[in-house]
Amino acid sequence: MDVIHAGLHASDDQLELYSLDRLSDTDLIQVEEHLMVCGGCRNRLEDVSAFALAMRNVLKEHPVAFQKPDEEENWFSRFLSGWKTPSLAFAGAMAAVVLSVGLYTYTQGHNGAGMTLAPVAYLQLTAMRGELPTVHGAKAVQLRFSEAAESGGPYKVSLVGDDGSAVWNGVTEGPNVRLDHVLPKGTYFARLFGPSGQLLHEYGFRVTE
Amino acid sequence: MADVDPDQQAYQPDAFQIQDWTQLVARIHQGDPTAMEELYAIFGKGIRYFLLRNLGVDEVEDRVHDCFVIVAQAIQNGELRDPARLMGYVRTVVKRQIAATIETQVSRRRTEVDYEESLFTLMDWQGDPEHSMLQQQRTEIARKVLRSVSRRDREILDRFYVQEQPQEQICEEMGLSYNQFRLLKYRAKARFGELGRRLTAAGFSGFRK
């Protein structure tokens with residue numbers, strides 16, 4: 002990462018990482034000190050943030066299925082070559098039937114509307130004012146608290162609904178916490194408590210269908 | 016649009032006037048009122064920016080004033096031993112103010128959840144309608160940008176903005192050079208800015224012309 006001297010502007014990359022709360026602690030101090038006195042960099046940060054945050058929100062709406070490049074190129078040809086063998090074709094047809102039934106049962110069993118729930122929904126929470134981040138319903142939710150340090154815990158995490166009712170409580174050693182159950186559609190607040198029990202931050206988010 | 020090397024288009028750092036904090040701090044210490052005006056002129060907008068970004072517009076002028084009082088008193092009491100650290104000290108004061116305000120708001124929300132005024136606090140925390148509309152516009156523009164990129168480019172952006180993978184990892188796993196990675200982001204940003212400017216020209220606010 003670039004080094005910022007007291008008199009130099011922050012780079013676009015640094016401002017982007019800053020807006021995404023991913024700047025290293027060392028760079029964070031230097032960038033914030035510079036932003037304190039530089040209107041030009043503050044204007045650039047607004048532009049960079051607008052793009053980065055909008056991109057992140059939209060990409061989260063429709064997650065991309067990841068495949069390594071070699072797998073992406075070869076899986077279809079491997080599939081086709083397997084079907085050239087008669088015995089494998091029959092076994093494959095049976096497997097397809099079983100898979101179809103299994104998938105139908107799976108989707109019906111996890112959502113009353115018959116919609117497939119994603120296995121895990123990831124949500125990064127930051128203590129910033131603004132629109133509540135939104136995540137689609139999933140079988141599990143993994144939350145990442147931007148203000149929690151790696152191995153800085155134990156942190157107590159308390160999740161409440163928008164009426165203040167307790168939804169979930171747990172403890173985590175670092176910034177990530179995973180809730181292994183479906184959160185119904187609604188607004189939630191996650192409270193992060195420090196090792197000595199003091200409330201550090203409260204984060205809000207919405208779960209949609 | 017012709018592709019341009021992002022390195023040539025990136026913000027060109029130039030020398031920033033380095034303040035002589037020692038003299039300024041000494042004059043404030045001696046009670047020079049013009050030195051306080053200079054301090055306000057240098058840091059006023061930056062402090063207001065950080066407070067607005069983290070806490071919103073409520074009572075922002077009072078909070079800016081509080082920060083200046085703390086900084087001025089510390090200097091006058093000789094607590095700022097190294098004047099070269101003035102920028103860092105101002106940043107620390109602002110961060111503490113932000114943290115204290117959040118903690119107070121959260122505590123008030125927890126203890127006054129049955130009272131009517133806490134409902135206002137919750138509503139206000141989610142952002143004003145203008146802010147929400149701006150977010151929606153930016154989200155829609157980001158959707159358009161993503162519809163115009165290939166599946167592979169979308170995966171690259173997803174890895175960076177959602178999965179939070181470092182660019183080194185993305186480049187290695189996706190077979191990209193650093194410049195190719197930057198060029199992809201640069202094109203997406205340029206498209207985002209172009210669509211935003213069209214919106215601005217059509218009468219919508221929120222994007223710089």
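The listed protein sequences correspond, in order, to chains V and A.
The working numbering puts the first residue of the first sequence at 2, with every later residue one more than the last.
The working numbering puts the first residue of the second sequence at 16, with every later residue one more than the last.
Beta carbons are placed, not taken as given, at the ideal position from N, Cα and C, and that holds for glycine.
Element boundaries [alpha helix (DSSP H), containing residue i]
{"i": "A/Asn92", "result": "No alpha helix (DSSP H) holds A/Asn92; DSSP gives it neither H nor E."}
{"i": "A/Gly208", "result": "Tyr193 to Ala216"}
{"i": "V/Leu46", "result": "Gly40 to Glu62"}
{"i": "A/Ala41", "result": "Trp36 to His44"}
{"i": "A/Gln184", "result": "Gln182 to Met189"}
Cross-chain neighbours of residue i in chain C, by beta carbon under 7 Å
{"i": "V/Phe194", "result": "Looking at the structure shown, chain C is missing, and the protein chains on hand are V and A."}
7 Å Cβ cutoff met for residue i and residue j
{"i": "A/Leu70", "j": "A/Thr37", "result": "no"}
{"i": "V/Val32", "j": "V/Ala11", "result": "yes"}
{"i": "V/Ser20", "j": "V/Val59", "result": "no"}
{"i": "V/Ser147", "j": "V/Asp22", "result": "yes"}
{"i": "V/Gly171", "j": "V/Val158", "result": "yes"}
{"i": "V/Phe52", "j": "A/Lys159", "result": "no"}
{"i": "V/Tyr204", "j": "V/Leu160", "result": "no"}
{"i": "A/Ala50", "j": "A/Ile43", "result": "yes"}
{"i": "V/Leu118", "j": "V/Gly138", "result": "yes"}
{"i": "V/Leu18", "j": "V/Leu9", "result": "no"}
{"i": "A/Val109", "j": "A/Ile85", "result": "no"}
{"i": "V/Ala128", "j": "V/His202", "result": "yes"}
{"i": "A/Thr215", "j": "V/Ala55", "result": "no"}
{"i": "A/Val75", "j": "A/Leu66", "result": "yes"}
DSSP-derived helix/strand/coil call for residue i
{"i": "A/Lys60", "result": "helix"}
{"i": "A/Gly71", "result": "coil"}
{"i": "V/Ser1", "result": "Since the first and last residues shown for chain V are 2 and 210, residue 1 of chain V lies out of range."}
{"i": "V/Ser152", "result": "coil"}
{"i": "V/Gln125", "result": "strand"}
{"i": "V/Glu203", "result": "strand"}
{"i": "V/Ser197", "result": "coil"}
{"i": "A/Gly103", "result": "helix"}
{"i": "V/Ala191", "result": "strand"}
{"i": "A/Leu54", "result": "helix"}
{"i": "V/Leu1", "result": "A question about residue 1 of chain V goes unanswered here, because the residues of chain V that appear run from 2 up to 210."}
{"i": "V/Leu29", "result": "helix"}
{"i": "A/Ser163", "result": "coil"}
{"i": "V/Ser159", "result": "strand"}
{"i": "V/Leu36", "result": "helix"}
{"i": "V/Ala141", "result": "strand"}
Straight-line gap, residue i to residue j (C-alpha atoms, nearest Å)
{"i": "V/Pro196", "j": "V/Tyr156", "result": "6 Å"}
{"i": "A/Glu94", "j": "A/Val105", "result": "13 Å"}
{"i": "V/Ala122", "j": "A/Gly190", "result": "27 Å"}
{"i": "A/Leu2", "j": "V/Leu126", "result": "Absent from the model: residue 2 of chain A. The displayed extent of chain A is 16 to 224, so no value can be given."}
{"i": "V/Ala191", "j": "A/Glu118", "result": "14 Å"}
{"i": "A/Asp168", "j": "V/Leu133", "result": "27 Å"}
{"i": "V/Glu47", "j": "A/Gln180", "result": "23 Å"}
{"i": "A/Arg100", "j": "A/Val40", "result": "10 Å"}
{"i": "V/Asp45", "j": "V/Glu34", "result": "This sequence places Arg at residue 45 of chain V; Asp is not what is there. Using only the alpha carbons, I get a separation of about 15 Å."}
{"i": "V/Asp163", "j": "V/Leu184", "result": "13 Å"}
{"i": "A/Leu54", "j": "V/Thr27", "result": "25 Å"}
{"i": "V/Trp169", "j": "A/Ser122", "result": "19 Å"}
{"i": "A/Arg63", "j": "V/Pro120", "result": "42 Å"}
{"i": "A/Ile156", "j": "A/Gly103", "result": "37 Å"}
{"i": "V/His63", "j": "A/Pro98", "result": "50 Å"}
{"i": "A/Gln152", "j": "A/Glu183", "result": "32 Å"}
{"i": "V/Gly154", "j": "A/Ser165", "result": "41 Å"}
{"i": "A/Phe83", "j": "A/Arg197", "result": "40 Å"}
First and last residue of the uninterrupted beta strand (DSSP E) at residue i
{"i": "V/Ala167", "result": "Ala167 to Thr173"}
{"i": "V/Val178", "result": "Asn177 to Leu180"}
{"i": "V/His137", "result": "Thr135 to His137"}
{"i": "A/Leu172", "result": "Careful: A/Leu172 lies outside any beta strand (DSSP E), inside the alpha helix (DSSP H) at Arg166 to Tyr176."}
{"i": "V/Leu184", "result": "That residue, V/Leu184, is in no beta strand (DSSP E); it is neither H nor E in DSSP."}
*Taking contact to mean at least 3 C-beta pairs separated by less than 8 Å, is the stretch 173-188 of chain A in contact with the stretch 146-158 of chain A?*
Contact between the stretch 173-188 of chain A and the stretch 146-158 of chain A is not established, with fewer than three Cβ pairs separated by less than 8 Å.
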